[in-house]
Structures are given as C-alpha cells and as structure tokens.
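Residue numbers for the sequence shown follow the numbering used here, so the first one is 8 and each next one is one higher.
Don't be surprised by glycine CBs; every beta carbon is placed ideally from N, CA and C.
Keep in mind it's a predicted model, so treat the numbers as computed, not measured.
Only one structure is covered here, and it is reproduced in the block below.
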Amino acid sequence: SHDTMTYCLNKKSPISHEESWLLQLLNKALPCITRPVVLKWSVTQALDVTEQLDAGVRYLDLRIAHMLEGSEKNLHFVHMVYTTALVEDTLTEISEWLERHPREVVILACRNFEGLSEDLHEYLVACIKNIFGDMLCPRGEVPTLRQLWSRGQQVIVSYEDESSLRQHHELWPGVPYWWGNRVKTEALIRYLETMKSCGRPGGLFVAGINLTENLQYVLAHPSESLEKMTLPNLPRLSAWVREQCPGPGSRCTNIIAGDFIGADGFVSDVIALNQKLLWC
8 SHDTMTYCLN KKSPISHEES WLLQLLNKAL PCITRPVVLK WSVTQALDVT
58 EQLDAGVRYL DLRIAHMLEG SEKNLHFVHM VYTTALVEDT LTEISEWLER
108 HPREVVILAC RNFEGLSEDL HEYLVACIKN IFGDMLCPRG EVPTLRQLWS
158 RGQQVIVSYE DESSLRQHHE LWPGVPYWWG NRVKTEALIR YLETMKSCGR
208 PGGLFVAGIN LTENLQYVLA HPSESLEKMT LPNLPRLSAW VREQCPGPGS
258 RCTNIIAGDF IGADGFVSDV IALNQKLLWC
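Given below as structure tokens:
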C-alpha cells in the first residue's frame, strides 16, 4: 500500500513543515479552508493497518516524521500533514498481527524521516528491534519464504538512512520506488512500461500504480479528492497489473503498490500473478 498510514489523517492534523511556504502561509491565514482541501489530497488509504494486512497487503510504505511541536520522542507518519497515529503504536499493532499469523511476512519500508536527528534514528531503530525481536530478517541475500519460515522470521525492514544502515545489520537498504508522478492513467502506465524497458533493479523494487495530483489539477477540480480521482481509474490500472509477470526477468515486476487498496481486487490481482510462475 502506497502511503500506508494516511487513513488516520484528520482536520486537526498539522501541515508538514516541509511543504511550500505558500501552503504554510495559506494554512496560517485560512486554516478552515486550507486544511480540509489539503486533507482531501493527502489521504491515500481508507483501511487501517490491520485491515490492510487482513486484506493481503505485505508491503507497508511508512513515511516517518518528528513534529517540531511534538514531544521529544514521539514519532508520527506524514503525507503533507502529520498523522495522529504514533510510529511505536503502529509497529506494535503490526507485530501483534504477525504473532497471530506466524507464516506471513511483511516488508516495512521506513522512509522520509522528516525532522529525525541521529538520536531519533537510534531511538526508532531501537523500537524496531525491541518490538519485532527475532521476527527481523537480517540484511543479506533476499531469502525465500521457506527460508524465512524455517527461521521464524517475518519482517524485512527497508530503511532509507545510510548511517543507520552501516550500524545495524537488521536493516535493509531502501527499496527503490517507481513513482510516476502522473495525473493521467495512460501517462502513468507509459512511465511504468518505460521503467520496465530499462531493466529491473537488483533485489526488491516497487512499481507504484498510484496517481498523483498537481496544482493545476486541484485548481481545476475544486470539489474532487485523491480518492475521487483514483477510483474511476482503478479498473485500467488493475488491468495493467494483471498483464505483468513476476520473477527475475528483465521486464518482470516485483512489489506493486497502490492507493485505496480495498476498493477493488488489487491485492488479489497481485497475488494471482504468482500463478504465472507455475507455467514457466
């Protein structure tokens, strides 16, 4: 799921300090107008993290941040605005789900890291180790499911901070994400096909089928939202997913991530791709 944690954004959530000065100004001058508009274009998921896991999602896109107004150690998630959910609570929720499903494996893509100092990185990594413990798969060769099952390992943590990677062998390098940054579905599909033609990266990588609004589109569609923009295009995006082939080939896909993953058969379509491996 792309931007996994945005389901818990609300109108009280403060706007990220990384957003443009213009948006910061509008938020200060007209918060009653600005925040609802920003919120409509920030929410990418309707299901909470447990519901996403129950639905079959196994790659969680976790954009982590520390709010200037927040407490010293409390970490939140961010996508234009900060979430109300705390990172430590969410990781615990994921761990509890995994304990109930001992043969399931998840990839946690920890990224963004807005406002995190070196000390906060150490705090976050310590939380990850304490919460998941022996469930963590240390960095190395990408394992098979059978290998993970035999070791009792259920979690691969992708962590986009080089300093932390050097210090902690439990962390894996950041998983590359093909982000098309396109408003139109066909333009996004052309981008993904172009990326495929360049050959797959080594190891894990993500093809993002998430559409992305721009200012021009938002101004031209004042009553819409990211959800209203995305849902009518899911059938075409799902058709592209069903056309893909998994595996090690140069034009094969690996992880596929999308928005509003519970709105159609996206997860089932991705899982069904594995049937093609039986025909090879």
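At what residues does the alpha helix (DSSP H) containing N137 begin and finish?
Your numbering for residue 137 matches position 130 in the sequence shown. N137 -> alpha helix (DSSP H) spans 125 to 139.
Taking all protein chains shown into account, do 16 or more other C-beta atoms lie within 10 angstroms of the C-beta of E103, making it buried, or fewer, making it exposed?
By one-based count along the sequence shown, residue 103 stands at place 96. E103 is exposed by the Cβ-count criterion.
Give a yes or no on whether the C-beta atoms belonging to L82 and V50 are separated by under 9 Å.
Within the sequence shown, the letter at position 75 stands for residue 82. Within the sequence shown, the letter at position 43 stands for residue 50. No, they are not a contact pair.
DSSP three-state call for F273: helix, strand or coil?
The residue you call residue 273 lines up with position 266 of the sequence shown. DSSP places F273 in helix when its eight states are reduced to three.
For R65 versus E111, is the C-beta distance shorter than 9 Å?
As a working mapping, residue 65 is identified with position 58 in the sequence shown. As a working mapping, residue 111 is identified with position 104 in the sequence shown. Going by C-beta atoms, R65 is nearer than 9 Å to E111.
Using a Cβ-Cβ cut-off of 8 Å (strictly less than) and excluding sequence neighbours within five positions of L127, which residues of its own chain qualify?
One-based indexing of the sequence shown puts residue 127 at position 120. If we look at L127 and ignore the five residues flanking it on each side, its Cβ neighbours are H73, K80, L82.
Measure the alpha-carbon distance for F212 versus P255 and round it to whole angstroms.
Residue numbering aside, residue 212 sits at position 205 when the sequence shown is read from its first letter. Residue numbering aside, residue 255 sits at position 248 when the sequence shown is read from its first letter. If you take the alpha carbons of F212 and P255, they lie about 12 Å apart.
Measuring straight from C-alpha to C-alpha, what distance separates A92 and E200?
Locating residue 92 in the sequence shown gives position 85, counting from the first residue. Locating residue 200 in the sequence shown gives position 193, counting from the first residue. Rounded to the nearest angstrom, the two C-alpha atoms are 36 Å apart.
Thinking C-beta only, is H108 closer than 9 Å to R146?
The residue given as residue 146 occupies position 139 in the sequence shown. The residue given as residue 108 occupies position 101 in the sequence shown. No, they are not a contact pair.
Check whether the region 260 to 280 and the region 42 to 57 are in contact - that is, three or more C-beta pairs closer than 8 Å.
Touching, yes.
Tell me whether E169 sits in a helix, a strand or coil according to DSSP, three-state version.
As a working mapping, residue 169 is identified with position 162 in the sequence shown. Correct three-state label for E169: helix.
Within 10 angstroms of the Cβ of R173, are there 16 or more other Cβ atoms? Answer buried if so, exposed if not.
Translated into positions along the sequence shown, residue 173 becomes position 166. That one is exposed.
Going by DSSP, what residue range makes up the alpha helix (DSSP H) through L69?
Translated into the one-based positions of the sequence shown, residue 69 becomes position 62. It is not in any alpha helix (DSSP H) - L69 instead sits in the beta strand (DSSP E) that spans 66 to 72.
Kindly list the residues whose CB is nearer than 8 Å to the CB of V190, restricted to its own chain and excluding five residues on each side of it in sequence; keep chain order.
The residue given as residue 190 occupies position 183 in the sequence shown. Excluding positions up to five away in sequence, the list reads L218, T219, E220, N221, Y224, M236.
Excluding sequence positions up to five away, which residues of its chain have a Cβ less than 8 Å from the Cβ of I71?
Numbered from 1 along the sequence shown, position 64 holds the residue referred to as residue 71. Cβ within range, chain order: L82, H83, F84, V85, V94, C117, R118, N119, F120, E121, L123, L131.
Looking only at its chain, what residues have a beta carbon closer than 7 Å to the beta carbon of C259, apart from the 5 residues adjacent to it on each side?
Within the sequence shown, the letter at position 252 stands for residue 259. Answer for C259: R207, C252, P253, listed in chain order.
Specify, as a first and last residue, the run of the beta strand (DSSP E) that Y198 falls within.
By 1-based counting over the sequence shown, the position of residue 198 is 191. First-last for Y198: 192 to 204, but that is the alpha helix (DSSP H), not the beta strand (DSSP E).
From L143 to S230, what does the alpha carbon distance come to, in whole angstroms?
Residue 143 sits at position 136 when you count from the first residue of the sequence shown. Residue 230 sits at position 223 when you count from the first residue of the sequence shown. C-alpha separation (whole angstroms): 44 Å.
Going by beta carbon distance, what residues of the same chain come within less than 8 Å of M202, once the five residues before and after it are set aside?
Position 195 of the sequence shown, counted from the first residue, corresponds to residue 202. If we look at M202 and ignore the five residues flanking it on each side, its Cβ neighbours are W185, A214.
For C134 and S257, I'd like the C-alpha separation in whole angstroms.
Taking the sequence shown and counting its residues from 1, the one referred to as residue 134 is at position 127. Taking the sequence shown and counting its residues from 1, the one referred to as residue 257 is at position 250. Each residue's Cα considered, the two are about 37 Å apart.
If you count every other CB in all the chains shown that lies within 10 Å of the CB of N137, and 16 or more means buried, which is it?
As a first step, residue 137 must be located in the sequence shown, where it is residue number 130. Under this definition N137 is an exposed residue.
Let me make sure I understand the geometry here. Which of V44, E25, L98, D276 has the alpha-carbon closest to that of T11?
Your numbering for residue 11 matches position 4 in the sequence shown. Considering only alpha carbons, the answer is L98.
Per DSSP, which residues does C117 bridge with? Please list them.
Start at 1 with the first residue of the sequence shown, and residue 117 comes out as number 110. Answer is L69, Y166.
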